[in-house]
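Taking it in order: structure first as structure tokens, then the write-up.
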Amino acid sequence: KAHAWPGNIRELQNVIERAVILCGEDGYIQPDLLGINAPLQLTDDTPAPTLSSSSALTDNGSPTQTLADIEKVHILTVLRHCEYNRTQAAKTLDINIRTLRNKLNEYKAAGESVDA
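Note that my numbering has the sequence shown beginning at 2, numbered continuously upward.
Following this line, the structure appears as structure tokens:
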């Protein structure tokens, strides 16, 4: 809200995209995941951040989802949203169509259904 942005608009876009990918099912973004060096200032009426269920840790302390898992879910969600139009999905994801095709081929090889 009151963060002075020192970078360019592309850096801001990247931080926002990262926040969307990493936010929990409840839609709350953990500030420490954003990579912004501004300190979090809590007031007395602001609850302290807690781990959401999607960022919970297993018994051995490792994350339950890898970045690759989160990326796959995001790519497949965008693909469904674009009604399986790969060109539109690549534009929405701001990646090259070849990159999207390669990712989808990886998912197919792993047994994931990636077509309508």
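Note that the Cβ used here is the ideal one computed from N, Cα and C, for glycine as well.
Can you grab the Cα-Cα spacing for the pair residue i / residue j, in whole Å?
i: N86; j: E12; result: 27 Å
i: V21; j: I71; result: 11 Å
i: T67; j: L23; result: 11 Å
i: I98; j: Q89; result: 9 Å
i: A69; j: E107; result: 11 Å
i: E84; j: V74; result: 15 Å
i: L58; j: G28; result: Annotation note: pLDDT 49 at L58 (below 50); position unreliable, no value reported.
i: D95; j: I10; result: 15 Å
Using a threshold of 7 Å, state whether the C-beta atoms of residue i and residue j are closer than that.
i: T93; j: V79; result: yes
i: I76; j: K109; result: no
i: L101; j: A111; result: no
Which residue comes first and which comes last in the alpha helix (DSSP H) that contains residue i?
i: A91; result: R87 to L94
i: I76; result: L68 to H82
i: E113; result: Here E113 belongs to no alpha helix (DSSP H), and DSSP marks it neither H nor E.
i: I10; result: I10 to L23
Leaving out five residues before and five after residue i in sequence, what residues of the same chain have Cβ atoms less than 8 Å from its Cβ?
i: I30; result: A20, L23 and C24
Grab me the residues of residue i's own chain with a C-beta within less than 6 Å of its C-beta, minus the 5 sequence neighbours each way, in chain order.
i: P40; result: With a pLDDT of only 47 at P40, under 50, the local geometry of the prediction cannot be trusted, and the value read off the model is given with reservation. Excluding sequence neighbours, P40 sits near nothing in its chain.
Apart from the five residues on each side of it in sequence, which residues of its chain come closer than 7 Å, Cβ to Cβ, to residue i?
i: R81; result: none
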